[in-house]
Every structure is written in C-alpha cells, then in structure tokens.
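There are 2 protein chains.
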Amino acid sequence: MPKLIDHDARRTQIAEALWRVVLRSGASGVSIRDVAAEAGISAGSLRHVFPTREALLEFSMLLIQERVGERVRAHTAVRDPLRRAEKILAEVLPYDDARRVEMHVNLALVTDAAGRPGLEEISLGAHDGLRALCRALLVDLRKHGLVHADRDVDDEAMHLHALIDGLAVHLLVGRTDPPAQVRRLVRGHLESLSAN
Amino acid sequence: MPKLIDHDARRTQIAEALWRVVLRSGASGVSIRDVAAEAGISAGSLRHVFPTREALLEFSMLLIQERVGERVRAHTAVRDPLRRAEKILAEVLPYDDARRVEMHVNLALVTDAAGRPGLEEISLGAHDGLRALCRALLVDLRKHGLVHADRDVDDEAMHLHALIDGLAVHLLVGRTDPPAQVRRLVRGHLESLSAN
Chain A
2 MPKLIDHDAR RTQIAEALWR VVLRSGASGV SIRDVAAEAG ISAGSLRHVF PTREALLEFS
62 MLLIQERVGE RVRAHTAVRD PLRRAEKILA EVLPYDDARR VEMHVNLALV TDAAGRPGLE
122 EISLGAHDGL RALCRALLVD LRKHGLVHAD RDVDDEAMHL HALIDGLAVH LLVGRTDPPA
182 QVRRLVRGHL ESLSAN
Chain B
2 MPKLIDHDAR RTQIAEALWR VVLRSGASGV SIRDVAAEAG ISAGSLRHVF PTREALLEFS
62 MLLIQERVGE RVRAHTAVRD PLRRAEKILA EVLPYDDARR VEMHVNLALV TDAAGRPGLE
122 EISLGAHDGL RALCRALLVD LRKHGLVHAD RDVDDEAMHL HALIDGLAVH LLVGRTDPPA
182 QVRRLVRGHL ESLSAN
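These protein sequence lines are chains A and B, in that order. Quick note on the numbering used here: the first sequence kicks off at 2 and runs consecutively. Quick note on the numbering used here: the second sequence kicks off at 2 and runs consecutively.
Next up, the structure:
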C-alpha cells in the first residue's frame, strides 16, 4: 500500500496536538486556535500547514489509520494462524493506553464527520478497510482448515467486524469488560469458527 | 421502572430540536442559541427550561433511552422466544429512519460526553442497561432450551452486546450492510446459541 500521507514532522506534531485537544474536550472542542496553542505554534503557522479545520481533521484520521496499518503488517510474520489473527485484531482493539487514545480520537472524529464529505469518505475508508482485514483473516484461517466448510466467509467477516467494533467501543466507554476478558472472548470466537 | 424524566411537552419539543441540530451539524454544532432557533423559541426561554447546555444534552439522552425502553417493553408479550429476542433487539438497531436518528444523536452525544460527568454517567447507564437486556434475553432463551448448557450466559451477553453495538454502528456509518442482512445475521447468531 502506498503511503497515504506526507510524514512531514510538523504535520505530525500538529496532528498529535489535535489528539490531545480532542481527548481533553471532545471533537467539539477542536478549534485551530486551541490546537495551535497545544502544539506551541501560532494559529497563522498552523493555517499555513492546514488551511482549514477539515484539512487538519482529515490528516489526523489518516495518520491514525496509517499507524494502525503499519502495526498490523508487522504481525503478518507470526507463524500460528490463530495467534496471527489474534495479534492483528489486538491492534484495532484499545487494550492499552496508546490504542485507547487512537480509538477515542478516531471515534470522536468519525462521529463528528456527518455532513463533511472529506471526513465521511475517510471514515468509510476505515470501515471498509477493517471489513477487508477481517475477511482476509478468515480466508487465511480457512486455508489452514480453521473455518468450517458450512460457514460463509462474507457472513463471518460481517460478524467478526461488528464484534470487534462493538468490543472496541466497550473497552473504551464501558466499565464492565476488562481487556483480559475481551481477549478471551476474541480467542473463543476465532476458535469456534472451526465448528459448524 | 419509574419514569426517569418529566414529560413536559416544552422539554420534549426542545430536545427534538436539539436532535435536528445534531443531525445537521454534529454534537459540536450544538449551541443553546442554535437549538432555541430550531425550536422556535428565544435563547432566554430555552435557558429557563435548561439552564445549561449539559442539562439539555442530559435530558436529550435520557429521552432517547426512555423511548427505546418503552418500545422494548411492548414486545415482552411476543410468544415465540426467538422472535421475541429478535423484536427486542430490533429496537436498539437502526433499521429504519426513526431509529437511525436516535442512534445517530445518541452516538454523537456519547462521544461528546468525555470529561462531562453527568453525560458520562448517563452514557454508562445506557451501556449497562443494554448489557442487562442482552443477559435477560439469554436467560429467557436458556429457560426455553435455546442456549446450550456449555455456554456461559455472561460470556454470551458480552458477545451479543458487542455484536449488537457493532452492527448498530455499521448500519449507521457503513455502506456495506443493508438492514435485511443484519437481521439475518442477528437471527443466525441467536439460533446458533442452541449448539455447543
């Protein structure tokens, strides 16, 4: 996959400042002025890099997607297919603080994207990307005899994708599901696929 | 369950105006002034009913939860246990426009709730309520011999809850899963519970 975005250090620095602002005050708290202050630069300098609030939000979402994608690719070398699927899915589940930050910011931006075509497109791209990833994991598991012949890969991808997104939200906003329990559920679900 | 909120017509009228503003411009677009204009009243009149933006958002979230609860209770008379579970779960899935509006507004408010204790508490209450509903459905299905003895009701409630929340988000933001397919997946999942 080609790099979607320019890894200019200044752009990354600003995007990370945006994340901190979103974490502190929600997506509704994001103004060019606040993000500039958080990044320690002037609003004018920020506007030079990101002429509009939308451009800044779009870059920030793409940066999160790209970082997740890089971490996912790092696991493709894991030998055991079930363990590989688990490791890859763990990259999109907010099990630790770094992933919680990503997920929180991403959710805030996705929710705030309604009516903004550029952000909506990026958000749909992430949705489609995660569906494709789930499907690829299932095709891989089937290749290793770990998905029962009666199961439909597209149906299972839809199920796995919804399960992962629901668990991600629950790790983030709920108080009921500790990471260890979510990991156990994901593993149990993947293992259950070999049965009818 | 006692009524959580006062069904004053004026409060409801203002909350519904808020929903329209959120649908149009996201939770970040919500200001007392905009909502007052949308409701056709003065900002002063709105502040008389809801002294703060938080009070308005909290009422709006509780109103959605109460409406969902009322619809859920209306299905408890359905005879067939699988059909009853399906009907009840359909009330929290945005299959049609009315439920899409609720879900969209709720998601926007939940995401915007970070750092606002009153809103966070209401959002956690909704999370816990849906988990309890999923668990109650599974206990009911087990009573009718429709959940295999090897399955743990709490684990299954966690799975069903995550699945439902993920599917709800996908119905709302994705472009891949038409309602008919989501209904089929939910039914298939409920039916699969009787197997090991």
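Cβ atoms here follow ideal geometry from the backbone N, Cα and C, with glycine treated the same way.
Exposure label - residue i; buried when at least 16 CB within 10 Å
{"i": "B:D113", "result": "buried"}
{"i": "B:V23", "result": "buried"}
{"i": "A:A196", "result": "exposed"}
{"i": "A:V187", "result": "buried"}
{"i": "A:H128", "result": "buried"}
{"i": "A:G27", "result": "buried"}
{"i": "B:V183", "result": "buried"}
{"i": "A:R185", "result": "exposed"}
{"i": "B:H149", "result": "exposed"}
{"i": "B:A181", "result": "exposed"}
{"i": "A:A10", "result": "exposed"}
{"i": "A:E157", "result": "buried"}
{"i": "B:A16", "result": "buried"}
{"i": "A:A109", "result": "buried"}
{"i": "B:H145", "result": "exposed"}
{"i": "A:H162", "result": "buried"}
{"i": "A:M2", "result": "For A:M2, the predicted structure reports a pLDDT of 46, less than 50, and the residue's modelled location is therefore unreliable. A value from the coordinates is still provided. With fewer than 16 other Cβ atoms within 10 Å, it is exposed."}
Check whether residue i and residue j have beta carbons under 9 angstroms apart
{"i": "B:L142", "j": "B:A91", "result": "no"}
{"i": "B:A170", "j": "B:L131", "result": "Note that residue 170 of chain B corresponds to Val in the displayed sequence, not to Ala. Result no, Cβ atoms of B:V170 and B:L131 do not sit closer than 9 angstroms."}
{"i": "B:L83", "j": "B:R152", "result": "no"}
{"i": "B:M159", "j": "A:T13", "result": "no"}
{"i": "B:V36", "j": "B:L47", "result": "yes"}
{"i": "A:I65", "j": "A:V106", "result": "yes"}
Reference residue i, options the options, closest by Cα
{"i": "A:S124", "options": "B:L186, B:G175 and B:A16", "result": "B:G175"}
{"i": "A:I165", "options": "A:L191, A:K144 and A:D151", "result": "A:L191"}
{"i": "B:G167", "options": "B:P95, B:D35 and B:Q66", "result": "B:P95"}
{"i": "A:M214", "options": "A:R11, A:E103, A:P179 and A:G146", "result": "Nothing about residue 214 of chain A can be reported from this structure: the residues present for chain A run from 2 to 197 only."}
{"i": "B:V79", "options": "B:K88, B:E71 and B:R72", "result": "B:K88"}
{"i": "B:R21", "options": "B:V73, B:A137, B:L58 and B:C135", "result": "B:L58"}
{"i": "B:A18", "options": "B:F51, B:P52 and B:A40", "result": "B:A40"}
{"i": "A:F60", "options": "A:L172, A:E122, A:V73 and A:R136", "result": "A:E122"}
{"i": "B:R74", "options": "B:R101, B:L134 and B:P179", "result": "B:L134"}
beta-carbon residue i near the ligand GDP non-hydrogen atom, thresh 8 angstroms
{"i": "B:V36", "result": "Ligands displayed in this structure: none; no statement on the ligand GDP is therefore possible."}
Open item on the list: If the cut-off is 9 angstroms on Cβ atoms, which residues from the region 161-186 of chain A count as contacting chain B, listed in chain order?
Closed with: Within the region 161-186 of chain A, H162, A163, L164, I165, D166, G167, L168, A169, V170, H171, V174, G175, R176, T177, D178, Q182, V183, R185 and L186 place their CB atoms closer than 9 angstroms to a CB of chain B, listed in sequence order.
Task: Cβ-based contacts, 9 angstroms cut-off: residues of the region 24-35 of chain B near chain A - done: The residues in question are L24, R25, S26, G27, A28, S29, G30 and V31.
Task: Against chain B: residues of the region 121-146 of chain A by CB proximity under 9 angstroms - done: E121, S124, L125, H128, D129 and R132
- [ ] Can you give me, in chain order, the residues of the region 91-112 of chain B that have a beta carbon less than 8 angstroms from any beta carbon in chain A?
- [x] H105, L108, A109, V111 and T112
Open item on the list: Under 8 angstroms, CB to CB, which of the residues in the region 58-87 of chain A have a partner in chain B?
Closed with: none
Open item on the list: Beta carbons nearer than 8 angstroms to chain A: which residues of the region 150-161 of chain B have them?
Closed with: When C-beta distances to chain A are compared with 8 angstroms, the residues of the region 150-161 of chain B below that value are D156, M159 and H160, in chain order.
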